[in-house]
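Since the structure comes first, as structure tokens, the remarks are kept for the end.
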Amino acid sequence: MNARLLLVHGLCVLFIIFDRTAAHLTSSERSSGSQEEDEYDRRKEEDEYYTYLSVCKNETGINLYAVYQRECDFDNQVALGRFRNAVNETGWGVFEVETSSNYDDAIQAYAAGLAEGILTKQLIYYHFRNTIEDMCKGYRVYCNKLYAYLAKNLKWIEQTVRMKPKEDLYWKQVNLSFAQVTGIWHGYSKKSPKWYKPVINFDITPIYMIQLYGDLFDLAKFFDKQPDPGDAADSGHCSGFAKLAPGNKDLFFSHVAMSGYNTMNRVLKVYKFGYDRKDAPGYTLSFSGYPAGISSADDFVLTSAGLAALETTFAIYNKTLYTDTFIKPIGQLHCWIRSSIANTLAGDAKTWSKIFSRYNSGTYNNQWVIVDFKTFEPGKETPPKDLLWVLEQVPGYVLARDMTWFIKKYSYFPSYNIPYFTVISEMSGFAEQAKKNDWYKWGSCPRAKIFDRDHVKVTDIEQLQKLMSWDTTDIVANHYGQPVDWKFGPVETDWETDVKANLK
């Protein structure tokens, strides 16, 4: 399996394609001498472009330390991370981390976060300044309400984690998510200490606020942030597309994330954890993301379970849903952590939908499209079920259905910030908005018509690029760490970025 990425210059457009049938030369097809030469050349090139960092256990086995090298001095490597900051060359940083199964899962999660916090510290600083730092400037009343709500929510999460049995895989992943976030915070904020103590904190930190970036869209509405940042007309910020090639020769999966220039510090990430693969089928996650974020937030994710997930966000026009009946600090988990848990624990699209639906926070309300590539065989008939699931969320309600029939009948499924399901359209207020014009109507808005007209042209990745890309923008937001104008053209890269670590 293979994925490619295209970045259209000058616009914060993320265009990612997953190609089911692409093949690569395997090691068995090479001579041993050639293989050794290739390995030497590869490591030499990687050393030139990547910075490596090992997270190691100290001799007492209590604390961790970090060294800028591929291996630890002793047989005590917990995690190996590598990072390439090519933001000013390609628009992207690349971060990868692999952890050892010889250590407790919580230690692995913390160590993975620690490596990310240290290696991507500069990008985290820029991203925080661009997106989070000024969020309370002029909005003190809103932020007082927000932080009180978040503090209650975090207290409930911590209490629930401690109360749940260790066998509860869902809440174990909640705990591991906060271990990873804590590790990022320690790696980012501490100034090269001798030791790092692997703990798990449930605190409001800049790193935690970065996780909430998508959820803050709806929390601003819920807490009546004035002036309302959503008053301006909004055509939506994402497009998603799943497409069967003629004769079922291929299955394409693509996503475009459009946002402000201030969000353009981007990082391609690979997390490869040494978790029990039966408990965590998605032990490896590849995704487009942002500095310090452990979920994609675009979203575009590939998992080791053979799943691909994307989402496009839709607005909530029905303001009666923004009440404490549906959004509350107790008994709910925000979207960022629910999506991360679903990506890790789910082995199929139906299970992904069930896991994500739990503890609905009513924030970052999206249409999710989940494809299970294990069920697809190139050139064979489309499976009757469980190839493609669609999930939609509003405050207080989540609906998920097997939509394999749709892609089987029409050969594609589009996603463009408008709910598909009638009940979600009515609950969210889209049905009422659609009475004004077709802009808010699934199947009738401009992007729906473009997809319907042009999907037949998509027979290969090149045609898909033409359909999904767009090139126009005005730079009006903070952009620390970024040039005023990027001169580079489209970037293509194979998404085969496993860290080839020798962890013992």
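Counted the way mature numbering (1 follows the signal peptide of the UniProt record, and there is no 0) counts, the sequence shown spans residues -23 to -1, 1 to 481. In this text, a Cβ means the ideal position worked out from N, Cα and C, and glycines have one as well. The model shown is predicted, which means the values in this text are computed figures rather than measured ones.
Can you say whether residue i is buried or exposed, counting buried as having 16 or more other CB atoms within 10 angstroms of its CB?
i	result
glutamate 314	Note that residue 314 is isoleucine in the sequence shown here, rather than glutamate. Counting Cβ neighbours within 10 Å, isoleucine 314 comes out buried, since at least 16 surround it.
phenylalanine 51	exposed
isoleucine 39	exposed
aspartate 276	buried
methionine 241	buried
serine 344	The residue asked about is misnamed: residue 344 is glutamine in this sequence, not serine. Under this definition glutamine 344 is a buried residue.
glycine 224	exposed
glutamine 46	exposed
threonine 381	buried
proline 372	buried
isoleucine 307	exposed
leucine 2	Note that leucine 2 scores a pLDDT of 27, beneath 50, so its modelled location is shaky; the value from the coordinates is reported in the next line. The residue in question, leucine 2, is exposed, as its Cβ has fewer than 16 Cβ neighbours within 10 Å.
threonine 67	buried
arginine 61	buried
residue 488	The question about residue 488 has no answer here: the residues shown for the chain are numbered -23 through 481.
glutamate 369	buried
residue 482	The requested residue 482 is not part of the displayed model; the chain covers only -23 to 481.
methionine 404	buried
proline 268	buried
serine 338	buried
alanine 156	buried
lysine 143	exposed
tryptophan 148	buried
glycine 115	exposed
lysine 412	exposed
arginine 117	exposed
histidine 232	buried
glutamine 136	exposed
tyrosine 387	exposed
proline 391	buried
tyrosine 80	buried
glutamate 36	exposed
alanine 125	exposed
glutamate 439	exposed
How is the alpha helix (DSSP H) around residue i delimited, first residue to last?
i	result
glutamate 439	438 to 445
tryptophan 329	326 to 334
proline 183	183 to 188
alanine 83	82 to 96
glutamate 403	399 to 405
valine 151	146 to 166
arginine 424	423 to 431
valine 118	117 to 140
tryptophan 69	Premise fails: tryptophan 69 lies in the beta strand (DSSP E), 69 to 76, not in any alpha helix (DSSP H).
threonine 321	312 to 322
Please check the pair residue i and residue j, which I expect to be a contact at CB under 8 angstroms, by giving their CB distance rounded to whole angstroms.
i	j	result
glycine 160	leucine 57	Their Cβ separation, rounded to whole angstroms, is 14 angstroms, which puts glycine 160 and leucine 57 out of contact at 8 angstroms.
glycine 185	threonine 108	For the sequence presented, residue 185 should be read as tyrosine rather than glycine. Wrong, their Cβ atoms sit about 14 angstroms apart, outside the cutoff.
asparagine 97	valine 278	Residue identity check: residue 97 is threonine in the sequence provided, not asparagine. Actually they are not in contact, since the Cβ atoms of threonine 97 and valine 278 sit about 19 angstroms apart, beyond 8 angstroms.
lysine 249	threonine 261	4 angstroms
phenylalanine 333	alanine 319	4 angstroms
valine 55	isoleucine 101	Actually they are not in contact, since the Cβ atoms of valine 55 and isoleucine 101 sit about 21 angstroms apart, beyond 8 angstroms.
tyrosine 389	lysine 220	4 angstroms
isoleucine 395	phenylalanine 264	With 8 angstroms as the limit, isoleucine 395 and phenylalanine 264 do not qualify as a contact, their Cβ atoms being about 24 angstroms apart.
aspartate 379	aspartate 349	Not a contact, Cβ separation roughly 10 angstroms.
aspartate 192	isoleucine 293	About 13 angstroms separates the two Cβ atoms, so there is no contact after all.
leucine 444	valine 435	6 angstroms
tyrosine 173	tyrosine 42	7 angstroms
valine 346	glycine 217	5 angstroms
isoleucine 187	phenylalanine 105	7 angstroms
tryptophan 329	leucine 284	6 angstroms
Considering residue i, what are the terminal residues of the beta strand (DSSP E) in which it resides?
i	result
isoleucine 347	343 to 349
cysteine 33	28 to 34
lysine 220	215 to 221
lysine 249	243 to 249
alanine 63	54 to 63
aspartate 379	374 to 379
leucine 262	261 to 266
leucine 196	Counting along the chain, leucine 196 falls outside any beta strand (DSSP E), though it belongs to the alpha helix (DSSP H) covering 193 to 199.
methionine 235	228 to 235
residue 533	Any answer about residue 533 is impossible in this case: the structure gives the chain only from -23 up to 481.
serine 392	389 to 392
tryptophan 366	365 to 371
glutamate 43	In the sequence on display, residue 43 carries alanine and not glutamate. Looking at the DSSP string, the run of the beta strand (DSSP E) that includes alanine 43 is 41 to 44.
threonine 37	Threonine 37 -> no beta strand (DSSP E), and no H or E assigned at all.
threonine 289	284 to 290
Is residue i near the ligand MG, with its Cβ less than 8 angstroms from a heavy atom?
i	result
phenylalanine 407	The ligand MG is absent from the structure shown, which contains no ligand whatsoever.
Do the stretch 85 to 101 and the stretch 121 to 132 meet, that is, are 3 or more Cβ pairs less than 8 angstroms apart? no
request  = Count the C-beta pairs between the stretch 413 to 433 and the stretch 198 to 205 that are closer than 8 angstroms, then say yes if the count reaches three, no if not.
outcome  = no
Exercise for the section: Would you check if there are 3 or more beta carbon pairs closer than 8 angstroms linking the stretch 349 to 360 to the stretch 220 to 238? Expected result: yes
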